[in-house]
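Mapping the sequence shown onto the numbering used here, position 13 (from 1) lands on 13, and the numbers just tick up by one. Just so it is clear, CB atoms sit at the ideal spot from N, CA and C, and this is done for glycine as well. Given the structure is predicted, the values throughout are model-derived calculations rather than measurements. Encoded as structure tokens, the structure appears first; notes follow it.
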Amino acid sequence: MGKEDQMEDNQAPAPRNFSVSQDMDGVYVLKGELTIHDLEYLKEFLESSAIRSGKVALSFSELVFADTASLQFLASFKRGMGIAHGLVIEGLSPEMEKILRISGLAAHLL
1 MGKEDQMEDN QAPAPRNFSV SQDMDGVYVL KGELTIHDLE YLKEFLESSA
51 IRSGKVALSF SELVFADTAS LQFLASFKRG MGIAHGLVIE GLSPEMEKIL
101 RISGLAAHLL
């Protein structure tokens, strides 16, 4: 094993540029950049939130980027929750408004 291989093995994972917090109204605020690398975390978070409250409200007001995989996951999760429970998305940042419009997924998420 060369010196370069050892360095790669000892490197810490890249810091997460995505987080979720809850505001005073119970809305979950997504912050930063949501990518395919965050989907397992987001999936577990949404599933546990849906179990606890039945309805999940998300804000994209502090989300500056979401890749296609993330948006497709959210659309699928929303569809899977059905009308009785529901996933509500509110508060779009200008960046997310543009991403949803360009991707054509606004109709599936909003």
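Which word fits L110, buried or exposed, when buried means at least 16 other C-beta atoms lie within 10 angstroms of its C-beta?
exposed
Taking the DSSP output, what are the residues bridged to G32?
F18 and L63
Where G96 falls, given that 16 or more other Cβ within 10 Å makes a residue buried:
The amino acid at residue 96 is misidentified as Gly; the sequence shows Met. By the neighbour-count rule (16 or more Cβ atoms within 10 Å), M96 is buried.
CB L63 to CB G32, shorter than 8 Å?
yes
Please list, in chain order, all residues of the same chain as I102 whose beta carbon is under 8 Å from its beta carbon, the five residues on each side excluded.
none
From S48, D38 and G54, residue whose alpha carbon lies closest to that of G82
Ranking the options by Cα distance to G82, first place goes to G54.
For A57, the residue or residues it bridges with in DSSP:
In the DSSP assignment, A57 is bridged to V88.
Going by beta-carbon coordinates alone, are L39 and S70 separated by less than 8 Å?
Going by C-beta atoms, L39 is nearer than 8 Å to S70.
Just to confirm, is the Cβ distance from S61 to S93 under 8 Å?
Yes; because the gap between Cβ atoms is below 8 Å, this pair is in contact.
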